[in-house]
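Chemist:
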Amino acid sequence: MTDFLLELRSEEIPARMQAAARAELEKLFRAQLSAAGLEAGDLTIWSTPRRLALIAKGLPEATAAVSEELKGPRSNAPPQALEGFLRKTGLTQDQLEDRDGVYFAVIDKPGRATAEVLAEAIPAIVRAFAWPKSMRWGKASASSESLRWVRPLSGIVAIFGEELVPCEVGGIASGFATRGHRFHCPGEITIGSVSDYAEKLRACHVIVDHEERQAIVRDGAAKAAADAGLTLVEDEGLVIENAGLTEWPVPLLGRFDEAFLEVPPEVIQLTARVNQKYFVVNGADGKLANGFVCTANIDAKDGGAEIVAGNRKVLAARLSDARFFWEQDQKKTLAQHAEKLANITFHEKLGTVADKVERVAKLAEWLASEGIVPNCDPALARQAAELAKADLVTEMVGEFPELQGLMGGYYARAEGLPDAVADAIRDHYKPVGQGDDVPTAPVTVAVALADKLDTLGAFWAADEKPTGSKDPFALRRATISIESLIIQNGLRFGLLPILDMATQAGGTAITNASKVRVRRAMDAAKAEGLGVMAVTGGNAVGLKPFGQYSMAFDTRAHDLLDFFADRLKVQQREAGVRHDLIDAVFALGGEDDLVRLLARVKALQAFMATEDGTNLLAGYKRAANILKQAGEVSGIAATTPPTDADAALLAALDAAEPAASAAVAEERFTDSMAALASLRAPIDAFFDGVMVNDPDEAVRAYRLGLLARFTGAVHGVADFSKIEG
Amino acid sequence: MRRRWANAAAIFAPAKDIAAVADGADKTPLSFQDMILTLHNYWSARGCAILQPYDMRVGAGTFHPATTLRSLGPEPWNVAYVQPSRRPTDGRYGENPNRLQHYYQYQVILKPSPADLQEQYLGSLAAIGIDPLLHDIRFVEDDWESPTLGAWGLGWEVWCDGMEVTQFTYFQQMGGFDCKPVAGELTYGLERLAMYIQNVDNVYDLRFSDAVGDVAAVSYGDVFLENERQFSKWNFEVADTDTLFAGFKAAADECQRAIEAGVPLAAYDQAIEASHLFNLLQARGVISVQERANYMARVRDLAKGSCKAWIDSQSERWTEKYPGWTL
Chain X
1 MTDFLLELRS EEIPARMQAA ARAELEKLFR AQLSAAGLEA GDLTIWSTPR
51 RLALIAKGLP EATAAVSEEL KGPRSNAPPQ ALEGFLRKTG LTQDQLEDRD
101 GVYFAVIDKP GRATAEVLAE AIPAIVRAFA WPKSMRWGKA SASSESLRWV
151 RPLSGIVAIF GEELVPCEVG GIASGFATRG HRFHCPGEIT IGSVSDYAEK
201 LRACHVIVDH EERQAIVRDG AAKAAADAGL TLVEDEGLVI ENAGLTEWPV
251 PLLGRFDEAF LEVPPEVIQL TARVNQKYFV VNGADGKLAN GFVCTANIDA
301 KDGGAEIVAG NRKVLAARLS DARFFWEQDQ KKTLAQHAEK LANITFHEKL
351 GTVADKVERV AKLAEWLASE GIVPNCDPAL ARQAAELAKA DLVTEMVGEF
401 PELQGLMGGY YARAEGLPDA VADAIRDHYK PVGQGDDVPT APVTVAVALA
451 DKLDTLGAFW AADEKPTGSK DPFALRRATI SIESLIIQNG LRFGLLPILD
501 MATQAGGTAI TNASKVRVRR AMDAAKAEGL GVMAVTGGNA VGLKPFGQYS
551 MAFDTRAHDL LDFFADRLKV QQREAGVRHD LIDAVFALGG EDDLVRLLAR
601 VKALQAFMAT EDGTNLLAGY KRAANILKQA GEVSGIAATT PPTDADAALL
651 AALDAAEPAA SAAVAEERFT DSMAALASLR APIDAFFDGV MVNDPDEAVR
701 AYRLGLLARF TGAVHGVADF SKIEG
Chain C
1001 MRRRWANAAA IFAPAKDIAA VADGADKTPL SFQDMILTLH NYWSARGCAI
1051 LQPYDMRVGA GTFHPATTLR SLGPEPWNVA YVQPSRRPTD GRYGENPNRL
1101 QHYYQYQVIL KPSPADLQEQ YLGSLAAIGI DPLLHDIRFV EDDWESPTLG
1151 AWGLGWEVWC DGMEVTQFTY FQQMGGFDCK PVAGELTYGL ERLAMYIQNV
1201 DNVYDLRFSD AVGDVAAVSY GDVFLENERQ FSKWNFEVAD TDTLFAGFKA
1251 AADECQRAIE AGVPLAAYDQ AIEASHLFNL LQARGVISVQ ERANYMARVR
1301 DLAKGSCKAW IDSQSERWTE KYPGWTL
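Chains X and C, in that order, give the protein sequences.
Just so we're aligned, residue 1 is where the first sequence starts under the numbering used here, counting upward by one.
Just so we're aligned, residue 1001 is where the second sequence starts under the numbering used here, counting upward by one.
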């Protein structure tokens, strides 16, 4: 058993690509070995900005010898068949074995030296390696066929035991030599084997294990903050990124001018993190303090004083920009900012962001005034919706798009708007994905719901639905967010009419937008322009006037409701709600009140977990099968039940049907399940006691009618045919 | 007499000894012009032809035909030059300590990219007085793309203590054509580097040249402050937009004529001209969103057309000299 070391050294690999590169290296290595009949076993994969390393422990010296047996033609087969077989196996006739009149070829493949397998595997891995973006370089790049790598590849170390695995790819030959830290130890170092690799590098200021570097960044940054009486704001993304940018990480604490703290903390944190990759720190009061932690890649001769001073200067310049934006933005009210939204295209088919804002304001106001969002002042809902997108044209959000909403909230508060409005502006994008906080403040709920409903309706009207993996406008996420808002706030309303309203509003928007487009094309106005919000569907050609799109309004809304059903299954999966039970309730049709639907599904799920539930389902399936085979079934003949078992089931149905439907009507779903449960014993007794397909045609017809009534009663609660199990 | 280059030894030293040289360096920071002269000498010692700035208004050193056109084709090409760069929208009337509508880039092109390009580059930093064991130098991913030149490459922005001081790029395409072989491009932000080395917070406070005898030192502000004031005003407020629009159209038409006449170098001049006029129109705020994309596409077409014409005019010579080379 022998250990193998591979190091692929290159110029700096982008930090964000290193984790995927490790996985890719492992995948390709395993595939190469397994193709040669070797098991790679436990692998250690490390990365630094300048190298990918792989260690495979305990590989065999050689692959096992294999004996392959191939069955050939019968010995009395025509000579052509034998010739073909000999050609295929590369053997002569006397090398074949004749076993009971059939030729067999036995081919012994000797084991191959593992070193030889590795020597072939390394170039293959390098050539097959998939980087998100790769490049050519150097003299070799005069040819299109030259090797591609994420950045120039500069060296390969490949050692099996203590022996070199000789190989070459793209003009780079394997060897024992690598390099240490770029500045601390720029010369070559010679690696002996797996066992001295990490330690030799460490002696040359390279910590090759990325997890160890991450720990140094994580703990070192926390300690640097703690030593100054501060608390680090943890950020695992920054830990990984800084560890991916350094071979010898040294976290250093710096301070910035306290005066910058007048800028919102999120802005400071984002400026520090996005532009400079710094951590921020909190003071004893739990609020953001005037400190930062940067991660150097050297043990500086002066302990890092110059590095901190330089970084402080850069951060100060960034923060002055941020403060400038913060002050500049507040020179106008949000309402004044919002005027510019008329210059921003929301989507080429759907007009401007200002158009969208007006639709959302109308819908939010309506949701409040109809009481769909209870306890919500319609005027506040309208005001919040009108201002919700205004921050998109502020300098700050232009610089940091991820601050959308948040900045609007700050600016709203600063100009003295009601808290409910400021909160709604801040939070109306929520929930962003599952796990995010779901708003509960009424004005926020109204705006959040209206914004997303409008987006869905508009894109549905524009025929820009998600397909397969493509969902450029994040409509699936918007749908799940709507469902979370409805369910968590217990909002009671039928979705269908509102989806219809939203798609119709989208239709009007399309008509208006196409008119505007024509007008704009006619007068090539050179008006002051701003950016396009986010969305341009791709082709600007061939926009049809609304009305020529394929679907009519009502089918559009129904289509959208089906989309909601699909998303609801996804959304509820985490809550442990069975998708087939959601189907079973949706399949009844006409249910578009999500709160009621879910209550029913949950009662059904509880019922299905009982013995009564599973037995009833079995009874239902049996009944449904019999009915399916019987074809057309007429109602029960008004005759006396043929036997007591028939009579018992009839009586049970007479009692259960009204009880179940009354319970459903009153939304007592647990009671409706109990009514169904009362059918379980009679249906079991019925199947035990009688034969449905009685020779007497009248009896058979009676019993089929009885079963049809039974399945009908069950369907009053849920479509059991959709239930799995 | 003061040493002309603080770190002359570093200029000629092999890259790997740079750290040692920097260690014992003279700590007097270089003036702005000495920094440029040091870089000239450093790259000259490594085989670069030291060119002069291109005599047209451009937005970056990359626009110099010595980069754009010469990065195409198989011929080796090693040059360095300073390029005054104009970015009309970045003007701040001389009131912002960091932002200028006119500044200098130091541009190095090495084709094919040498295997030790990073080491050579780091050597140049040491030569101008940056000690890599005192300052944190980092290569941070930054993929470069110039839509107006139809060009892209992979590389980094080089950070010195958190400040971006250089763009480091391996050109992959120029004018929509593969670079074969690939050229390495280094673009130093000279003002930033100088502010760093001289430890000043305001660009106008930079020492441009040192005092010699009776002759006083000159500051960056002495040279450029008034330019920034006047050009900011002209860019944003004064420039006649009708003239600019007409100029853009004239340059675009002339570029096309020159391409057709088989004089791609002259055509490329007109593409540069159109690009700069477009930037001025942007600064004047007269280009709408919809138009902006159109103008950019226009400029890209002119640049690509010039590159194509350049390749067409040279490819016979190239294939003759470099058998096996293909586009």
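Even glycine gets a Cβ: it sits at the ideal position worked out from N, Cα and C.
Taking Cβ-Cβ distances shorter than 7 angstroms, what residues in chain X pair up with G1059 of chain C?
Modeler: Position 59 of the second sequence, counted from the first residue, corresponds to residue 1059 of chain C. Residues of chain X passing the Cβ test: none, with the nearest at roughly 20 angstroms.
Chemist: When you compare the CB of A1151 of chain C with every CB in chain X, is at least one pair closer than 9 angstroms?
Modeler: Walking along the second sequence from the start, residue 1151 of chain C turns up at place 151. Cβ-Cβ to chain X under 9 angstroms: no for A1151 of chain C.
Chemist: With distances taken Cα to Cα, identify the nearest neighbour of Q1118 of chain C among X:A113, X:W137 and X:D108.
Modeler: Position 118 of the second sequence, counted from the first residue, corresponds to residue 1118 of chain C. Out of X:A113, X:W137 and X:D108, X:W137 has the C-alpha closest to the C-alpha of Q1118 of chain C.
Chemist: Are any of the Cβ atoms in chain X nearer than 9 angstroms to that of Q1314 of chain C?
Modeler: As a working mapping, residue 1314 of chain C is identified with position 314 in the second sequence. Not one chain X Cβ lies under 9 angstroms of Q1314 of chain C.
Chemist: Considering V66 of chain X, what are the terminal residues of the beta strand (DSSP E) in which it resides?
Modeler: The count along the first sequence starts at 1 and reaches residue 66 of chain X at position 66. Element bounds for V66 of chain X: V66 to R74.
Chemist: To the nearest angstrom, how far is the alpha carbon of G1324 of chain C from that of A1066 of chain C?
Modeler: Here residue 1324 of chain C refers to the residue found at position 324 of the second sequence. Here residue 1066 of chain C refers to the residue found at position 66 of the second sequence. C-alpha separation (whole angstroms): 24 angstroms.
Chemist: List, in chain order, every chain X residue whose beta-carbon is nearer than 9 angstroms to that of C1160 of chain C.
Modeler: The residue you call residue 1160 of chain C lines up with position 160 of the second sequence. Near C1160 of chain C (Cβ distances below 9 angstroms), the residues of chain X are G310.
Chemist: Kindly indicate which residue of C:V1082, C:W1077 and C:L1100 has the alpha-carbon position closest to the one of D1034 of chain C.
Modeler: Stepping through the second sequence from its first residue, residue 1034 of chain C is reached at position 34. Closest by alpha carbon: C:V1082.
Chemist: Per the DSSP calculation, P1084 of chain C is bridged to which residue(s)?
Modeler: Sequence index remark: in the second sequence, residue 1084 of chain C carries index 84 (1-based). Answer is C:Y1104, bridged to P1084 of chain C.
Chemist: Drop a sphere of 10 angstroms on the beta-carbon of T394 of chain X, count the other beta-carbons inside from all chains shown, and report buried for 16 or more, exposed for fewer.
Modeler: The residue you call residue 394 of chain X lines up with position 394 of the first sequence. T394 of chain X comes out buried.
Chemist: Using a Cβ-Cβ cut-off of 6 angstroms (strictly less than) and excluding sequence neighbours within five positions of R218 of chain X, which residues of its own chain qualify?
Modeler: The residue labelled residue 218 of chain X in the question sits at position 218 within the first sequence. So the qualifying residues of the chain are V239.
Chemist: Put T63 of chain X into one of helix, strand or coil per three-state DSSP.
Modeler: What you label residue 63 of chain X is simply residue 63 of the first sequence in a count that begins at 1. It is coil, neither helix nor strand.
Chemist: With H, G and I counted as helix, E and B as strand and the rest as coil, what does DSSP make of H558 of chain X?
Modeler: Taking the first sequence and counting its residues from 1, the one referred to as residue 558 of chain X is at position 558. Reduced to three states, the DSSP call for H558 of chain X is helix.
Chemist: Can you tell me whether DSSP reads Q1172 of chain C as helix, strand or coil?
Modeler: Counting from one through the second sequence, the residue named residue 1172 of chain C turns up at place 172. Of the three classes helix, strand and coil, the one that applies to Q1172 of chain C here is strand, per DSSP.
Chemist: Starting from A296 of chain X, find everything on chain C with Cβ-Cβ shorter than 7 angstroms and list it in chain order.
Modeler: Translated into the one-based positions of the first sequence, residue 296 of chain X becomes position 296. The contacting residues are D1136.
Chemist: Please report the straight-line C-alpha distance between V117 of chain X and S143 of chain X, rounded to a whole angstrom.
Modeler: If you number the first sequence from 1, residue 117 of chain X lands on position 117. If you number the first sequence from 1, residue 143 of chain X lands on position 143. Between V117 of chain X and S143 of chain X, the C-alpha separation is close to 29 angstroms.
Chemist: Can you check whether the C-beta of W137 of chain X is within less than 9 angstroms of a C-beta belonging to chain C?
Modeler: Working through the first sequence from its first residue, we reach residue 137 of chain X at position 137. Interface residue, yes.
Chemist: What are the partner residues of G1189 of chain C, as DSSP defines its beta bridges?
Modeler: Locating residue 1189 of chain C in the second sequence gives position 189, where the first residue counts as 1. DSSP lists C:Q1105 as partners of G1189 of chain C.
Chemist: Under three-state DSSP, which class holds T190 of chain X?
Modeler: Sequence index remark: in the first sequence, residue 190 of chain X carries index 190 (1-based). Looking at T190 of chain X - three-state DSSP - the assignment turns out to be strand.
Chemist: Counting only C-beta atoms, is T246 of chain X closer than 9 angstroms to chain C at any point?
Modeler: Stepping through the first sequence from its first residue, residue 246 of chain X is reached at position 246. Yes, T246 of chain X lies at the interface with chain C (some Cβ there is under 9 angstroms from its Cβ).
Chemist: Measuring only between beta-carbons, confirm whether K356 of chain X sits less than 9 angstroms from chain C.
Modeler: Within the first sequence, residue 356 of chain X is the residue found at index 356, counting from 1. Output row for K356 of chain X: interface = no.
Chemist: Could you name the residues of the same chain whose beta carbon sits closer than 7 angstroms to that of A513 of chain X, not counting the 5 residues immediately before and after it, in chain order?
Modeler: Within the first sequence, the letter at position 513 stands for residue 513 of chain X. Answer for A513 of chain X: K349, L350 and G351, listed in chain order.
Chemist: Since Q276 of chain X meets chain C, which of its residues come closer than 8 angstroms, beta carbon to beta carbon?
Modeler: Residue 276 of chain X sits at position 276 when you count from the first residue of the first sequence. Near Q276 of chain X (Cβ distances below 8 angstroms), the residues of chain C are G1162.
Chemist: Which residues in the same chain have their Cβ closer than 8 angstroms to the Cβ of C376 of chain X, if we skip the five residues on either side of it in sequence?
Modeler: On the first sequence, residue 376 of chain X is found 376 positions in, with the first residue counted as 1. Counting only Cβ-Cβ distances below 8 angstroms, and skipping sequence neighbours, we find L367, A368, P442, V443, V445 and A446.
Chemist: Kindly indicate which residue of X:I723, X:A56 and X:A648 has the alpha-carbon position closest to the one of M608 of chain X.
Modeler: For the purposes of this step, residue 608 of chain X is taken as the residue at position 608 of the first sequence. That would be X:I723, whose Cα lies nearest to the Cα of M608 of chain X.
Chemist: I want to see whether chain X comes within less than 9 angstroms of Y1170 of chain C, judged by CB atoms only; does it?
Modeler: Taking the first residue of the second sequence as 1, we reach residue 1170 of chain C at position 170. It does; some Cβ of chain X falls within 9 angstroms.
Chemist: At what residues does the beta strand (DSSP E) containing H579 of chain X begin and finish?
Modeler: In the first sequence, residue 579 of chain X corresponds to position 579, counting from 1. Element bounds for H579 of chain X: not the beta strand (DSSP E) but the alpha helix (DSSP H), H579 to F586.
Chemist: For V535 of chain X, which residues of its own chain have a beta-carbon under 6 angstroms away from its beta-carbon, when the five flanking residues on both sides are left out?
Modeler: Within the first sequence, residue 535 of chain X is the residue found at index 535, counting from 1. In this predicted model, V535 of chain X has a pLDDT of only 30, less than 50, meaning its place in the structure is not dependable enough to derive any value.
Chemist: Verify the CB distance criterion: does S143 of chain X have a CB-CB separation below 9 angstroms to chain C?
Modeler: Along the first sequence, one-based indexing puts residue 143 of chain X at 143. Yes, S143 of chain X counts as interfacial toward chain C.
Chemist: Report, in whole angstroms, the separation of the C-beta atoms of L245 of chain X and P49 of chain X, which I expect to be a contact under 8 angstroms.
Modeler: Stepping through the first sequence from its first residue, residue 245 of chain X is reached at position 245. Stepping through the first sequence from its first residue, residue 49 of chain X is reached at position 49. At roughly 6 angstroms, the Cβ-Cβ gap stays under 8 angstroms, so L245 of chain X and P49 of chain X are in contact.
Chemist: Does chain C have any CB closer than 9 angstroms to the CB of L315 of chain X?
Modeler: For the purposes of this step, residue 315 of chain X is taken as residue 315 along the first sequence, with counting starting at 1. For L315 of chain X, the answer is yes, since a Cβ of chain C falls inside 9 angstroms of its Cβ.
Chemist: For the segment 248-282 of chain X, enumerate the residues whose C-beta is nearer than 7 angstroms to any C-beta of chain C, in chain order.
Modeler: So the close ones are Q276.
Chemist: Return the first residue and the last residue of the beta strand (DSSP E) that Y103 of chain X is part of.
Modeler: Locating residue 103 of chain X in the first sequence gives position 103, counting from the first residue. Per DSSP, Y103 of chain X belongs to the beta strand (DSSP E) from V102 to K109.
Chemist: Is the beta carbon of F183 of chain X closer than 9 angstroms to that of T271 of chain X?
Modeler: Walking along the first sequence from the start, residue 271 of chain X turns up at place 271. Walking along the first sequence from the start, residue 183 of chain X turns up at place 183. Taking 9 angstroms as the Cβ cut-off, T271 of chain X and F183 of chain X do not qualify as a contacting pair.
Chemist: Is there contact here, the segment 1085-1092 of chain C with the segment 1144-1163 of chain C, by at least three beta-carbon pairs under 8 angstroms?
Modeler: No: the two stretches stay apart, fewer than three of their Cβ pairs being nearer than 8 angstroms.
Chemist: What residues match up with L8 of chain X in a beta bridge as DSSP calls it?
Modeler: The residue you call residue 8 of chain X lines up with position 8 of the first sequence. Its beta-bridge partners are X:L52 and X:I156.
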